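Report on one structure; see the data block that follows.
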Amino acid sequence: MNRGFNGGRDGEEPQAVAVREALRARPLRFLWTAWPVRCWAHALSGAVLGLLLLGVLAVLLSAGVVLSVAGVGLLVLLGAALAGIPVGVVERRRLRLVEPARVPDPHRPLPGAGRRARLRTRLRERATWRELAYAALFAVVLTAADLGLVALLAFSAMLVVSPVVVWALAPETVMLIPGRAVPGPAWALPATAVGLAGVVLCAYAGALLTTGRVRLVRFLLGPREEDLGHLVLELTRSRARLADAFEAERRRIERDLHDGAQQQLVALSMTLGLAEYELRGPGDGAADRAAALVGRARGEARLALEQLRGLVRGIHPQVLTDHGLAAAVAEVALRHPIPVTVDIDLPERLPGPVESTAYFTVTEALTNAAKHSGAGAITVLGRVEGGRLVLQVTDDGRGGADPAAGAGLQGLADRVAILRGRLMVTSPTGGPTRLRMEVPCSGS
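Just so we're on the same page, my numbering is the position in the sequence shown counted from 1, plus 6.
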(Lines of atoms letter the chains of each structure in order from A and count residues from 1; the text may use other names and numbers.)
(Lines give C-alpha, C1' and ligand atoms only; values in the text may rest on other atoms or scores of the structure.)
Protein backbone atom coordinates (compact mmCIF):
# COMPACT_ATOMS: atom_id res chain seq x y z
CA MET A 1 0.00 0.00 0.00
CA ASN A 2 2.78 2.42 0.92
CA ARG A 3 5.40 1.40 -1.57
CA GLY A 4 4.86 4.51 -3.63
CA PHE A 5 5.72 6.60 -0.57
CA ASN A 6 8.77 4.92 0.91
CA GLY A 7 10.72 4.03 -2.24
CA GLY A 8 11.27 0.47 -1.05
CA ARG A 9 12.38 1.10 2.55
CA ASP A 10 11.69 -1.20 5.47
CA GLY A 11 12.15 -4.33 3.38
CA GLU A 12 9.42 -3.54 0.87
CA GLU A 13 9.96 -3.99 -2.83
CA PRO A 14 10.61 -0.66 -4.62
CA GLN A 15 7.87 0.68 -6.81
CA ALA A 16 8.40 -0.19 -10.46
CA VAL A 17 9.89 2.38 -12.84
CA ALA A 18 8.14 2.45 -16.21
CA VAL A 19 11.23 2.96 -18.40
CA ARG A 20 13.14 0.20 -16.59
CA GLU A 21 10.23 -2.21 -17.03
CA ALA A 22 10.08 -1.40 -20.75
CA LEU A 23 13.83 -1.99 -21.08
CA ARG A 24 13.71 -5.29 -19.21
CA ALA A 25 10.70 -6.59 -21.13
CA ARG A 26 12.19 -6.18 -24.64
CA PRO A 27 15.73 -4.77 -24.69
CA LEU A 28 16.09 -4.75 -28.50
CA ARG A 29 12.62 -3.44 -29.27
CA PHE A 30 13.23 -0.71 -26.69
CA LEU A 31 15.37 1.12 -29.26
CA TRP A 32 12.38 1.51 -31.61
CA THR A 33 9.95 2.84 -29.03
CA ALA A 34 9.41 6.40 -27.86
CA TRP A 35 11.22 5.74 -24.59
CA PRO A 36 14.73 6.78 -25.75
CA VAL A 37 13.42 10.08 -27.08
CA ARG A 38 11.52 10.74 -23.85
CA CYS A 39 14.62 9.97 -21.79
CA TRP A 40 16.72 12.28 -23.97
CA ALA A 41 14.13 15.06 -23.66
CA HIS A 42 14.15 14.62 -19.89
CA ALA A 43 17.94 14.78 -19.81
CA LEU A 44 18.08 17.85 -22.09
CA SER A 45 15.54 19.76 -20.02
CA GLY A 46 17.38 18.67 -16.87
CA ALA A 47 20.66 20.02 -18.22
CA VAL A 48 19.13 23.41 -19.02
CA LEU A 49 17.27 23.71 -15.71
CA GLY A 50 20.29 22.42 -13.78
CA LEU A 51 22.54 25.14 -15.18
CA LEU A 52 19.96 27.79 -14.30
CA LEU A 53 19.59 26.34 -10.80
CA LEU A 54 23.35 26.27 -10.32
CA GLY A 55 23.54 29.94 -11.23
CA VAL A 56 20.66 30.90 -8.92
CA LEU A 57 22.09 28.98 -5.96
CA ALA A 58 25.55 30.46 -6.54
CA VAL A 59 24.13 33.99 -6.60
CA LEU A 60 21.98 33.44 -3.50
CA LEU A 61 24.79 31.89 -1.46
CA SER A 62 27.32 34.51 -2.53
CA ALA A 63 24.93 37.38 -1.84
CA GLY A 64 23.92 35.86 1.48
CA VAL A 65 27.51 35.54 2.67
CA VAL A 66 28.47 39.04 1.48
CA LEU A 67 25.35 40.72 2.91
CA SER A 68 25.39 38.77 6.18
CA VAL A 69 27.45 41.57 7.70
CA ALA A 70 24.49 43.94 7.24
CA GLY A 71 21.97 41.37 8.47
CA VAL A 72 20.13 41.26 5.14
CA GLY A 73 22.13 38.21 4.13
CA LEU A 74 20.13 36.05 6.52
CA LEU A 75 17.00 36.68 4.48
CA VAL A 76 18.89 35.82 1.29
CA LEU A 77 20.20 32.60 2.85
CA LEU A 78 16.65 31.83 3.97
CA GLY A 79 15.56 32.19 0.35
CA ALA A 80 18.33 29.80 -0.66
CA ALA A 81 17.13 27.31 1.95
CA LEU A 82 13.61 27.46 0.52
CA ALA A 83 14.80 27.18 -3.08
CA GLY A 84 14.26 23.45 -2.98
CA ILE A 85 10.48 23.86 -2.75
CA PRO A 86 9.94 25.26 -6.29
CA VAL A 87 12.60 22.87 -7.56
CA GLY A 88 10.57 20.00 -6.12
CA VAL A 89 7.40 21.25 -7.77
CA VAL A 90 9.11 21.48 -11.17
CA GLU A 91 10.82 18.11 -10.84
CA ARG A 92 7.65 16.27 -9.85
CA ARG A 93 5.91 17.71 -12.90
CA ARG A 94 8.88 17.16 -15.23
CA LEU A 95 9.02 13.53 -14.16
CA ARG A 96 5.77 12.95 -16.02
CA LEU A 97 7.84 12.96 -19.24
CA VAL A 98 9.19 9.54 -18.31
CA GLU A 99 6.98 8.22 -15.50
CA PRO A 100 3.18 7.84 -15.66
CA ALA A 101 2.84 7.41 -11.88
CA ARG A 102 2.56 10.82 -10.24
CA VAL A 103 4.75 11.64 -7.24
CA PRO A 104 2.52 13.27 -4.57
CA ASP A 105 3.42 16.56 -2.93
CA PRO A 106 4.91 15.79 0.52
CA HIS A 107 3.92 19.16 2.00
CA ARG A 108 0.86 19.83 4.10
CA PRO A 109 -1.79 21.91 2.30
CA LEU A 110 -2.07 25.41 3.76
CA PRO A 111 -5.14 27.04 2.15
CA GLY A 112 -5.60 30.65 3.20
CA ALA A 113 -2.60 30.67 5.55
CA GLY A 114 -0.61 33.88 5.92
CA ARG A 115 2.97 34.26 4.81
CA ARG A 116 4.43 33.90 8.28
CA ALA A 117 2.39 30.81 9.10
CA ARG A 118 3.24 29.26 5.74
CA LEU A 119 6.95 30.04 6.22
CA ARG A 120 7.05 28.59 9.74
CA THR A 121 5.29 25.44 8.63
CA ARG A 122 7.55 24.89 5.64
CA LEU A 123 10.72 25.37 7.69
CA ARG A 124 9.53 22.76 10.20
CA GLU A 125 8.77 20.15 7.55
CA ARG A 126 11.44 17.58 6.78
CA ALA A 127 10.32 17.51 3.17
CA THR A 128 11.64 21.07 2.74
CA TRP A 129 15.16 20.03 3.67
CA ARG A 130 15.00 16.92 1.51
CA GLU A 131 14.05 19.15 -1.41
CA LEU A 132 17.01 21.41 -0.64
CA ALA A 133 19.31 18.38 -0.67
CA TYR A 134 17.85 17.35 -4.02
CA ALA A 135 18.36 20.86 -5.39
CA ALA A 136 22.05 20.71 -4.43
CA LEU A 137 22.44 17.29 -6.08
CA PHE A 138 20.52 18.49 -9.10
CA ALA A 139 22.69 21.59 -9.57
CA VAL A 140 25.99 19.70 -9.40
CA VAL A 141 25.82 15.94 -9.92
CA LEU A 142 22.65 15.40 -11.94
CA THR A 143 23.30 18.35 -14.24
CA ALA A 144 26.76 17.01 -15.02
CA ALA A 145 25.29 13.60 -15.86
CA ASP A 146 22.62 15.16 -18.07
CA LEU A 147 25.18 17.32 -19.85
CA GLY A 148 27.40 14.29 -20.44
CA LEU A 149 24.53 12.32 -21.98
CA VAL A 150 23.40 15.25 -24.13
CA ALA A 151 26.97 15.90 -25.33
CA LEU A 152 27.49 12.23 -26.23
CA LEU A 153 24.16 12.14 -28.05
CA ALA A 154 24.96 15.31 -30.01
CA PHE A 155 28.40 14.01 -31.00
CA SER A 156 26.94 10.64 -32.04
CA ALA A 157 24.26 12.37 -34.11
CA MET A 158 26.93 14.43 -35.89
CA LEU A 159 28.84 11.25 -36.73
CA VAL A 160 25.67 9.62 -38.07
CA VAL A 161 25.07 12.45 -40.56
CA SER A 162 28.76 12.93 -41.40
CA PRO A 163 28.42 11.59 -45.01
CA VAL A 164 25.75 14.18 -45.69
CA VAL A 165 27.96 16.87 -44.17
CA VAL A 166 30.90 15.79 -46.33
CA TRP A 167 28.74 15.77 -49.46
CA ALA A 168 27.21 19.18 -48.67
CA LEU A 169 30.52 20.89 -47.90
CA ALA A 170 32.47 19.10 -50.69
CA PRO A 171 35.23 16.56 -50.10
CA GLU A 172 38.62 17.46 -48.69
CA THR A 173 37.16 20.21 -46.55
CA VAL A 174 35.84 18.12 -43.66
CA MET A 175 38.25 16.57 -41.17
CA LEU A 176 36.76 13.75 -39.14
CA ILE A 177 40.28 12.94 -37.94
CA PRO A 178 42.56 15.84 -37.00
CA GLY A 179 45.04 16.54 -39.77
CA ARG A 180 43.33 14.36 -42.40
CA ALA A 181 40.56 15.50 -44.74
CA VAL A 182 37.88 13.10 -45.92
CA PRO A 183 38.20 12.41 -49.68
CA GLY A 184 34.48 11.74 -50.19
CA PRO A 185 31.18 10.85 -48.53
CA ALA A 186 31.85 7.11 -48.70
CA TRP A 187 34.94 7.57 -46.54
CA ALA A 188 32.65 8.93 -43.75
CA LEU A 189 30.54 5.75 -43.52
CA PRO A 190 32.71 4.27 -40.72
CA ALA A 191 32.01 7.41 -38.73
CA THR A 192 28.30 6.81 -39.31
CA ALA A 193 28.65 3.31 -37.87
CA VAL A 194 30.43 4.70 -34.83
CA GLY A 195 27.69 7.34 -34.47
CA LEU A 196 24.93 4.72 -34.62
CA ALA A 197 26.70 2.74 -31.90
CA GLY A 198 26.88 5.95 -29.87
CA VAL A 199 23.15 6.56 -30.32
CA VAL A 200 22.37 3.03 -29.15
CA LEU A 201 24.65 3.55 -26.18
CA CYS A 202 22.87 6.84 -25.42
CA ALA A 203 19.49 5.11 -25.56
CA TYR A 204 20.45 2.53 -22.94
CA ALA A 205 22.43 5.03 -20.87
CA GLY A 206 19.48 7.41 -20.92
CA ALA A 207 17.19 4.64 -19.68
CA LEU A 208 19.52 3.82 -16.79
CA LEU A 209 20.03 7.49 -15.94
CA THR A 210 16.27 8.11 -16.03
CA THR A 211 15.61 5.09 -13.78
CA GLY A 212 17.99 6.44 -11.18
CA ARG A 213 16.45 9.90 -11.49
CA VAL A 214 12.91 8.58 -10.96
CA ARG A 215 13.95 6.68 -7.83
CA LEU A 216 15.84 9.68 -6.47
CA VAL A 217 12.82 11.95 -7.02
CA ARG A 218 10.54 9.49 -5.26
CA PHE A 219 13.00 9.13 -2.40
CA LEU A 220 13.71 12.82 -1.78
CA LEU A 221 10.72 14.66 -3.26
CA GLY A 222 7.85 12.32 -2.42
CA PRO A 223 6.03 11.87 0.91
CA ARG A 224 7.47 9.54 3.50
CA GLU A 225 5.99 7.62 6.37
CA GLU A 226 7.31 10.14 8.89
CA ASP A 227 5.49 12.92 6.98
CA LEU A 228 2.28 10.93 7.17
CA GLY A 229 3.08 10.15 10.80
CA HIS A 230 2.91 13.84 11.70
CA LEU A 231 -0.55 14.03 10.13
CA VAL A 232 -1.68 10.90 11.97
CA LEU A 233 -0.34 12.32 15.23
CA GLU A 234 -2.17 15.61 14.69
CA LEU A 235 -5.38 13.77 13.84
CA THR A 236 -4.99 11.65 16.97
CA ARG A 237 -4.53 14.76 19.08
CA SER A 238 -7.52 16.40 17.43
CA ARG A 239 -9.63 13.33 18.12
CA ALA A 240 -8.55 13.35 21.77
CA ARG A 241 -9.35 17.05 22.10
CA LEU A 242 -12.72 16.49 20.45
CA ALA A 243 -13.50 13.68 22.88
CA ASP A 244 -12.65 15.99 25.77
CA ALA A 245 -14.72 18.80 24.24
CA PHE A 246 -17.75 16.53 23.74
CA GLU A 247 -17.44 15.29 27.32
CA ALA A 248 -17.27 18.87 28.59
CA GLU A 249 -20.32 19.74 26.47
CA ARG A 250 -22.23 16.79 27.90
CA ARG A 251 -21.41 17.92 31.43
CA ARG A 252 -22.51 21.46 30.57
CA ILE A 253 -25.87 20.23 29.26
CA GLU A 254 -26.35 18.10 32.37
CA ARG A 255 -25.48 21.06 34.59
CA ASP A 256 -27.84 23.40 32.74
CA LEU A 257 -30.64 20.85 32.93
CA HIS A 258 -30.01 20.26 36.62
CA ASP A 259 -29.59 23.88 37.67
CA GLY A 260 -32.07 25.43 35.25
CA ALA A 261 -34.91 23.52 33.68
CA GLN A 262 -34.95 20.78 36.32
CA GLN A 263 -35.19 23.29 39.17
CA GLN A 264 -37.98 25.09 37.36
CA LEU A 265 -39.88 21.84 36.90
CA VAL A 266 -39.43 20.97 40.59
CA ALA A 267 -40.77 24.42 41.55
CA LEU A 268 -43.66 23.91 39.13
CA SER A 269 -44.50 20.57 40.76
CA MET A 270 -44.44 22.12 44.24
CA THR A 271 -46.58 25.07 43.15
CA LEU A 272 -49.16 22.76 41.59
CA GLY A 273 -49.20 20.73 44.81
CA LEU A 274 -49.89 23.87 46.84
CA ALA A 275 -52.66 24.84 44.42
CA GLU A 276 -54.21 21.40 44.78
CA TYR A 277 -54.05 21.71 48.58
CA GLU A 278 -55.70 25.15 48.51
CA LEU A 279 -58.48 23.92 46.23
CA ARG A 280 -59.31 21.12 48.65
CA GLY A 281 -58.89 23.19 51.79
CA PRO A 282 -61.61 25.18 53.65
CA GLY A 283 -61.88 28.95 53.68
CA ASP A 284 -63.43 31.72 51.67
CA GLY A 285 -60.13 32.78 50.05
CA ALA A 286 -59.01 29.30 49.01
CA ALA A 287 -60.08 29.75 45.39
CA ASP A 288 -58.23 33.06 45.09
CA ARG A 289 -55.09 31.63 46.62
CA ALA A 290 -55.32 28.59 44.32
CA ALA A 291 -55.80 30.81 41.26
CA ALA A 292 -52.69 32.81 42.22
CA LEU A 293 -50.69 29.60 42.62
CA VAL A 294 -51.92 28.28 39.26
CA GLY A 295 -50.85 31.55 37.63
CA ARG A 296 -47.45 31.25 39.27
CA ALA A 297 -47.22 27.64 38.04
CA ARG A 298 -47.95 28.76 34.49
CA GLY A 299 -45.13 31.27 34.69
CA GLU A 300 -42.67 28.66 35.98
CA ALA A 301 -43.77 26.23 33.24
CA ARG A 302 -43.25 28.92 30.62
CA LEU A 303 -39.77 29.71 32.00
CA ALA A 304 -38.82 26.00 32.05
CA LEU A 305 -40.02 25.63 28.48
CA GLU A 306 -37.94 28.61 27.36
CA GLN A 307 -34.86 27.18 29.05
CA LEU A 308 -35.39 23.81 27.37
CA ARG A 309 -35.84 25.51 24.01
CA GLY A 310 -32.65 27.45 24.59
CA LEU A 311 -30.77 24.23 25.33
CA VAL A 312 -32.15 22.53 22.24
CA ARG A 313 -31.35 25.58 20.14
CA GLY A 314 -27.80 25.49 21.43
CA ILE A 315 -27.43 21.83 20.46
CA HIS A 316 -28.84 22.22 16.96
CA PRO A 317 -31.22 25.04 15.98
CA GLN A 318 -34.35 24.06 14.10
CA VAL A 319 -33.97 26.97 11.70
CA LEU A 320 -30.65 25.53 10.56
CA THR A 321 -32.34 22.25 9.70
CA ASP A 322 -35.33 23.86 8.00
CA HIS A 323 -33.86 26.87 6.20
CA GLY A 324 -30.10 26.48 6.07
CA LEU A 325 -26.98 28.33 7.19
CA ALA A 326 -27.82 31.85 6.01
CA ALA A 327 -31.17 31.93 7.85
CA ALA A 328 -29.70 30.44 11.03
CA VAL A 329 -26.86 32.98 11.14
CA ALA A 330 -29.30 35.82 10.43
CA GLU A 331 -31.43 34.71 13.39
CA VAL A 332 -28.37 34.69 15.68
CA ALA A 333 -27.38 38.13 14.40
CA LEU A 334 -30.80 39.57 15.32
CA ARG A 335 -30.39 38.47 18.95
CA HIS A 336 -26.77 39.62 19.25
CA PRO A 337 -26.04 42.70 21.41
CA ILE A 338 -23.56 44.05 18.81
CA PRO A 339 -24.82 45.05 15.34
CA VAL A 340 -24.01 42.19 12.95
CA THR A 341 -24.01 42.47 9.16
CA VAL A 342 -24.63 39.09 7.52
CA ASP A 343 -23.69 38.53 3.88
CA ILE A 344 -23.90 34.80 3.17
CA ASP A 345 -24.60 33.93 -0.45
CA LEU A 346 -24.68 30.19 -1.12
CA PRO A 347 -25.78 28.61 -4.40
CA GLU A 348 -27.49 25.69 -2.65
CA ARG A 349 -27.90 23.89 0.64
CA LEU A 350 -24.69 22.46 2.00
CA PRO A 351 -24.23 19.03 3.63
CA GLY A 352 -25.39 18.84 7.24
CA PRO A 353 -21.93 18.51 8.83
CA VAL A 354 -20.67 21.54 6.89
CA GLU A 355 -23.67 23.69 7.85
CA SER A 356 -23.47 22.63 11.50
CA THR A 357 -19.74 23.32 11.74
CA ALA A 358 -20.11 26.68 10.01
CA TYR A 359 -23.01 27.68 12.27
CA PHE A 360 -21.21 26.89 15.50
CA THR A 361 -18.07 28.62 14.21
CA VAL A 362 -20.08 31.80 13.67
CA THR A 363 -21.84 31.58 17.04
CA GLU A 364 -18.55 31.01 18.86
CA ALA A 365 -16.95 33.96 17.07
CA LEU A 366 -19.92 36.20 17.87
CA THR A 367 -19.89 35.09 21.52
CA ASN A 368 -16.17 35.84 21.84
CA ALA A 369 -16.64 39.23 20.19
CA ALA A 370 -19.41 40.16 22.61
CA LYS A 371 -17.41 39.04 25.67
CA HIS A 372 -13.89 40.21 24.92
CA SER A 373 -13.48 42.42 21.86
CA GLY A 374 -15.32 45.61 22.75
CA ALA A 375 -16.36 45.80 19.10
CA GLY A 376 -18.99 48.16 17.74
CA ALA A 377 -19.76 46.21 14.56
CA ILE A 378 -19.33 42.68 13.24
CA THR A 379 -19.41 41.39 9.66
CA VAL A 380 -20.12 37.80 8.62
CA LEU A 381 -19.28 36.85 5.03
CA GLY A 382 -19.89 33.46 3.44
CA ARG A 383 -19.17 32.24 -0.08
CA VAL A 384 -18.46 29.02 -1.96
CA GLU A 385 -15.12 29.28 -3.77
CA GLY A 386 -13.54 26.41 -5.64
CA GLY A 387 -15.76 23.78 -4.03
CA ARG A 388 -15.01 25.08 -0.52
CA LEU A 389 -17.15 27.04 1.91
CA VAL A 390 -15.24 30.17 2.91
CA LEU A 391 -16.67 31.84 6.01
CA GLN A 392 -15.17 34.97 7.56
CA VAL A 393 -16.18 36.79 10.74
CA THR A 394 -14.60 40.23 11.30
CA ASP A 395 -15.06 42.62 14.22
CA ASP A 396 -13.63 46.11 14.77
CA GLY A 397 -12.68 45.47 18.39
CA ARG A 398 -9.42 45.92 20.25
CA GLY A 399 -7.83 42.73 18.90
CA GLY A 400 -5.14 40.80 20.71
CA ALA A 401 -7.14 37.56 20.81
CA ASP A 402 -5.13 34.41 21.50
CA PRO A 403 -6.72 31.29 19.95
CA ALA A 404 -4.62 29.08 22.23
CA ALA A 405 -5.94 30.73 25.39
CA GLY A 406 -9.44 29.25 25.24
CA ALA A 407 -10.85 25.82 24.48
CA GLY A 408 -13.67 27.21 22.34
CA LEU A 409 -11.67 28.05 19.25
CA GLN A 410 -9.46 24.99 19.70
CA GLY A 411 -12.54 22.79 19.73
CA LEU A 412 -13.84 24.50 16.61
CA ALA A 413 -10.47 24.02 14.89
CA ASP A 414 -10.59 20.31 15.69
CA ARG A 415 -14.17 20.07 14.42
CA VAL A 416 -13.16 21.82 11.19
CA ALA A 417 -10.10 19.58 10.85
CA ILE A 418 -12.33 16.49 10.83
CA LEU A 419 -13.95 17.85 7.66
CA ARG A 420 -10.48 18.42 6.13
CA GLY A 421 -10.93 22.14 6.60
CA ARG A 422 -8.91 24.90 8.22
CA LEU A 423 -9.64 27.57 10.81
CA MET A 424 -7.45 30.69 10.94
CA VAL A 425 -7.57 33.57 13.40
CA THR A 426 -5.72 36.87 12.96
CA SER A 427 -6.04 39.41 15.74
CA PRO A 428 -3.31 42.06 15.88
CA THR A 429 -3.28 44.44 18.83
CA GLY A 430 -5.68 47.27 18.05
CA GLY A 431 -7.78 45.07 15.78
CA PRO A 432 -9.48 44.04 13.71
CA THR A 433 -10.00 40.40 14.66
CA ARG A 434 -10.68 38.13 11.70
CA LEU A 435 -11.74 34.49 11.90
CA ARG A 436 -11.66 32.57 8.60
CA MET A 437 -12.95 29.06 8.07
CA GLU A 438 -12.52 26.97 4.91
CA VAL A 439 -14.22 23.61 4.58
CA PRO A 440 -14.77 21.39 1.51
CA CYS A 441 -18.43 21.49 0.55
CA SER A 442 -18.44 17.71 0.27
CA GLY A 443 -18.38 17.50 4.04
CA SER A 444 -16.05 14.51 3.95
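Each residue gets a CB set at the ideal place from its N, CA and C atoms; glycine is no exception. This one's a predicted model, so the numbers in the text were calculated from it and none came from an experiment.
In chain order, Gly-56, Leu-59, Leu-60 and Leu-63 place their CB closer than 7 Å to the CB of Ala-145, counting only its own chain and leaving out the 5 sequence neighbours on each side. The stretch 95–178 contains no complete beta strand (DSSP E) run of 3 or more residues. In the DSSP annotation of this structure, Gly-388 is not part of any alpha helix (DSSP H); the continuous beta strand (DSSP E) holding it starts and ends at 384–391. When DSSP states are grouped into helix, strand and coil, Ile-350 belongs to the strand group.
Comparing alpha carbon positions, the residue from His-378, Lys-377 and Ile-350 closest to Tyr-365 is Ile-350. Residue environment analysis places Ala-40 among the exposed positions, since fewer than 16 neighbouring C-beta atoms fall within 10 angstroms of its C-beta. DSSP places Arg-224 in no beta strand (DSSP E) but in the uninterrupted alpha helix (DSSP H) bounded by 195–227. Taking the C-beta atoms as reference points, Cys-45 is found no nearer than 8 Å to Ala-151. A check of alpha carbon separations from Ile-424 across Met-443, Leu-331 and Leu-215 identifies Met-443 as the nearest. In the DSSP annotation of this structure, Thr-39 is not part of any beta strand (DSSP E), being labelled neither H nor E.
If you draw a straight line from the Cα of Val-166 to the Cα of Pro-112, it is about 44 Å long.
Contact annotation: Gly-392 and Leu-352 have beta-carbon atoms that are not nearer than 8 Å. With 16 or more neighbouring CB atoms inside 10 Å of its own CB, Pro-229 falls in the buried class. Within a 10 Å sphere around the beta-carbon of Arg-224 sit 16 or more other beta-carbons, which makes this residue buried. DSSP places Pro-446 in the uninterrupted beta strand (DSSP E) bounded by 439–446. Around the beta carbon of Val-78, a 10 Å sphere encloses fewer than 16 other beta carbons of the protein chains shown; the residue is thus reported as exposed. Counted as a single uninterrupted DSSP element, the stretch harbouring Val-396 is not any alpha helix (DSSP H) but the beta strand (DSSP E) occupying residues 394–401.
When C-beta atoms of the stretch 82–102 are compared with those of the stretch 198–211, fewer than three pairs fall below 8 Å, so the two segments do not count as touching. The beta carbon of Ala-383 sits closer than 6 Å to those of Pro-345 and Asp-402, all from its chain and outside the five residues before and after it, given in chain order.
Closest by C-alpha distance to His-342, out of Ala-163, Val-368 and Trp-135, is Val-368. With 16 or more other CB atoms across the displayed protein chains lying within 10 angstroms of its CB, Leu-226 is buried. Val-95 has its alpha-carbon roughly 12 Å from the corresponding atom of Arg-102. Residue pairing by DSSP puts Arg-428 in a beta bridge opposite Glu-444. Shown here for Val-72: same chain residues with a beta carbon closer than 8 Å to its own, the five before and five after excluded, namely Gly-79 in chain order. In terms of Cα proximity to Thr-439, the closest of His-378, Gly-52 and Leu-143 is His-378. Inter-residue distance for Leu-81 and Ser-51 is about 30 Å (C-alpha atoms, whole angstroms). The DSSP assignment places no complete run of the beta strand (DSSP E) inside the stretch 23–69 (cut-off: 3 residues).
By the Cβ-count criterion, Asp-328 is exposed, with fewer than 16 other Cβ atoms from all chains shown falling within 10 Å of its own Cβ.
Excluding five sequence positions before and after Ala-333, the CB atoms of its chain that fall closer than 6 Å to its own CB belong to Val-325, given in chain order. With contacts defined by Cβ atoms closer than 8 Å, Val-23 and Glu-105 form a contacting pair. Rounded to whole angstroms, the Cβ separation of Ala-49 and Leu-215 is 7 Å, and the two are in contact under 8 Å. As the crow flies, the alpha-carbon of Pro-434 is around 15 Å from that of Val-399. Under the 10 Å beta carbon count, Ala-211 is surrounded by 16 or more other beta carbons and is classified as buried. With respect to the 8 Å criterion, Leu-148 and Arg-219 are classified as neighbours on the basis of their beta carbons. The beta carbon of Leu-372 lies closer than 6 Å to those of His-342 in the same chain, with the five residues before and after it left out.
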